[in-house]
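Trainee: Each residue of the sequence shown is one higher than the one before, starting from 1 at the first, in UniProt numbering.
Note that beta-carbon positions come from the ideal geometry of N, C-alpha and C, so glycine has one too.
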Amino acid sequence: MTPDSSKSRNLVNSFTFTAELNHKPKLNGDHALFLRITADRKIKRIYTGFDIPKKDWNPIKKTVRRTYPLYKQLNERLIELKGEATTIKAEVKGATAVVVIDHMKGKYQTSFFAFADNFIEKQAYNTSRNVRTEVNKFKEYIKNDSLVFTDITTPTLYTYHEWLIKTKGNSLNTANKGLSKLRTVIGRAIEEGLLKRQDNPFLGFKMKEAKPERIRLTEEELQAFIGVDLPEDSLIWHTRNYWLFAYYTAGVRFSDVSCLKWENIVNGRLSYVMRKTQHVIQQEHTIQIPKQAEAILCHYRKPDTKPKDYLFPILSGKRDYTTEAELLKEISRKNALINKYLKTICLKAGIPKDLSFHSARHTFADLGRRKIKDVYAISKLLRHSKINITENYLKDFDTEVTDQALDTLFG
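1) Beta-carbon within less than 7 Å of Arg36's beta-carbon, same chain only, minus the 5 sequence neighbours each way: which residues are those?
2) Could you tell me which uninterrupted alpha helix (DSSP H) segments, each at least 4 residues in length, are contained entirely in the UniProt domain "Core-binding (CB)" (110-190), listed from first to last along the chain?
3) For Tyr272 and chain E, any beta-carbon pair shorter than 8 Å?
4) Rounded to a whole number of angstroms, what is the C-alpha to C-alpha distance between His358 and Gly251?
5) Among Asp145, Thr184, Val135, Ser146, whose alpha-carbon lies nearest the alpha-carbon of residue 414?
6) What does the alpha-carbon distance come out to for the pair Asn335 and Asn130?
7) Checking the sheet assignment: what are the DSSP bridge partners for Ala19?
8) In this structure, does DSSP put Asn335 in helix, strand or coil?
9) Roughly how far, in whole angstroms, is the beta-carbon of Ile186 from the beta-carbon of Phe202, given that I think they are within contact range, below 8 Å?
10) Applying the criterion that 16 or more other CB atoms from any shown protein chain within 10 Å of the CB defines a buried residue, is Thr368 buried or exposed?
11) Name the DSSP beta bridge partners of Tyr310, please?
12) Please confirm whether Ala349 and Ala224 have their CB atoms less than 8 Å apart.
13) Using 8 Å for Cβ pairs, my map puts Trp262 next to Pro231. What's the rounded Cβ distance?
14) Give the range of the alpha helix (DSSP H) segment to which Gly52 is assigned.
15) Measure the CB-CB distance between Thr38 and Ala97 and report whether it falls below 8 Å.
16) Are there 16 or more other CB atoms within 10 angstroms of the CB of Ser111, so buried, or fewer, so exposed?
17) So, does the stretch 311-329 touch the stretch 227-247, judging by three or more C-beta pairs under 8 Å?
18) Between Phe50 and Leu27, which are expected to be in contact by the criterion C-beta below 8 Å, what is the C-beta distance as a whole number of angstroms?
19) Just the C-alpha distance for Ala246 and Lys62, rounded to the nearest angstrom, thanks.
20) Locate the alpha helix (DSSP H) running through Gln73, then write down its first and last residues.
21) Measuring CA to CA, which of Arg66, Leu355, Lys72 is closest to Thr218?
22) Less than 6 Å between C-beta atoms, sequence neighbours within five positions excluded: which residues of the same chain meet that for Asn118?
23) CB-CB under 7 Å to Gln109, same chain, minus the five flanking residues each way: which ones, in chain order?
24) Express the C-alpha separation of Leu157 and Leu179 in angstroms, rounding to a whole number.
25) Measuring only the C-alpha atoms, how far is Leu74 from Phe254?
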């Protein structure tokens with residue numbers, strides 16, 4: 001064998017596998033993470049399915065820095081990718097960089113749970129929490145951590161939907177919401193080219209319509225709720241105050257009630273920007289404070305109250321919520337606790353309903369349309385962007401009204 005032929009053979013068998021970050025950022029500012037395969041001086045790249053900020057990449061060590069929340073998982077994934085590429089190179093005779101990539105694509109580029117983890121990490125706290133819950137349910141059902149997108153078929157979705165209802169005890173509405181979260185993840189994968197649009201399993205999946213579960217109090221139940229004897233200044237007493245304040249101020253959401261400060265009250269009016277839409281619409285909502293709501297505020301207004309103090313002692317005024325995620329996590333925790341106390345109040349009042357804080361909004365909408373009889377006014381009070389949203393919101397309460405109308409006519 002001549003020196004030249006030996007040198008040539010070494011070149012043919014020369015493979016290197018290196019992790020690298022795409023120099024061009026995506027629209028959200030993150031950079032795609034690739035495995036670069038070099039063979040015979042030719043370079044090919046395979047997308048790992050992950051994007052990270054440039055500051056979280058160590059260009060010297062070719063690893064994800066500890067500053068990135070999922071750095072362990074991503075670095076482990078890079079090691080797995082390199083190991084897979086090395087195995088393919090050894091097992092496939094005459095393998096080139098293209099051949100190695102073709103063998104790898106099916107296994108890693110369409111890994112559902114790996115992609116879902118990355119997707120979840122980039123979402124706002126509430127979205128992240130909700131999607132994570134549904135992905136974990138799906139993982140429990142599938143029992144296959146290495147599931148790829150093409151393994152998820154329309155029949156898979158139907159059997160999973162049935163499992164959610166029969167095994168997990170989810171309502172039809174809850175099961176539908178769970179599937180919609182999975183559809184969001186799959187939709188993003190399609191946008192990023194990891195799954196062909198024609199292979200979307202949701203194209204052939206039709207959810208059964210579920211009537212929204214809008215629990216609210218009747219006028220009689222509301223009076224019973226108000227009349228329950230509770231120890232003053234107890235947590236359960238405060239809970240009722242929060243709920244009634246939300247009801248009297250046209251169904252203010254818990255996330256808003258939690259964050260209201262005394263500076264939001266000016267000249268007998270409550271003015272605030274809704275947290276639910278603050279990233280889209282910065283419009284301030286203002287409403288006159290009814291005397292019933294003002295009576296509740298009297299319990300919390302102190303001589304030394306400052307404008308920046310919270311209206312209610314739901315969140316700690318001494319704690320600095322440095323990140324939005326930290327704040328939302330605390331709001332979620334307090335919401336769960338208050339919903340628990342609301343159920344206790346209903347039990348004491350003899351109200352057989354699974355009341356939640358959001359029920360204050362439903363109660364206002366239902367009792368409001370009975371007394372006001374002006375959908376436009378109710379729409380504005382509920383802060384709906386379009387009147388048809390209010391109409392759809394109210395139509396779920398119509399059965400009782402039509403039944404009463406017939407009773408009045410023929411009863």
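Mentor: Here's the rundown:
1) Result list for Arg36: Thr18, Glu20, Ile43, Arg45, in chain order.
2) If we require 4 residues or more, the alpha helix (DSSP H) runs fully inside the UniProt domain "Core-binding (CB)" (110-190) come out as 112-121, 125-142, 154-166.
3) Structure shown: chain E not included; a single protein chain is present.
4) Taking the straight line joining both Cα atoms gives about 8 Å.
5) Residue 414 falls outside the range modelled here, since the chain spans only 1 to 411, and no answer is possible.
6) Each residue's Cα considered, the two are about 15 Å apart.
7) DSSP lists Leu35 as the beta-bridge partner residues of Ala19.
8) Helix at Asn335.
9) The Cβ separation is near 7 Å, so the contact holds.
10) Reading off the sequence, residue 368 comes out as Gly, not Thr. Buried is the call here.
11) DSSP, once it has assigned bridges, lists Lys261 as partnering Tyr310.
12) Closer than 8 Å, so yes.
13) At roughly 26 Å, the Cβ-Cβ gap does not stay under 8 Å, so Trp262 and Pro231 are not in contact.
14) It is worth fixing the name first, because residue 52 is Ile in this sequence and not Gly. No alpha helix (DSSP H) contains Ile52, which is instead part of the beta strand (DSSP E) from 42-52.
15) Yes. Within cutoff.
16) Buried, because 16 or more other Cβ atoms sit within 10 Å of the Cβ of Ser111.
17) In this structure the stretch 311-329 lies against the stretch 227-247, because at least three pairs of beta carbons, one per stretch, are closer than 8 Å.
18) Contact flag wrong, Cβ pair sits at about 16 Å.
19) Here the alpha carbon of Ala246 sits roughly 53 Å from the alpha carbon of Lys62.
20) Taken as a continuous stretch (DSSP letters only), the alpha helix (DSSP H) holding Gln73 covers 71-91.
21) If we check each option's Cα against that of Thr218, Leu355 comes out closest.
22) Closer than 6 Å at Cβ, skipping near neighbours: Phe50.
23) With a pLDDT of only 49 at Gln109, under 50, the local geometry of the prediction cannot be trusted, and no value is derived from it.
24) The C-alpha of Leu157 is placed about 8 Å away from the C-alpha of Leu179.
25) Computed Cα separation, rounded: 36 Å.
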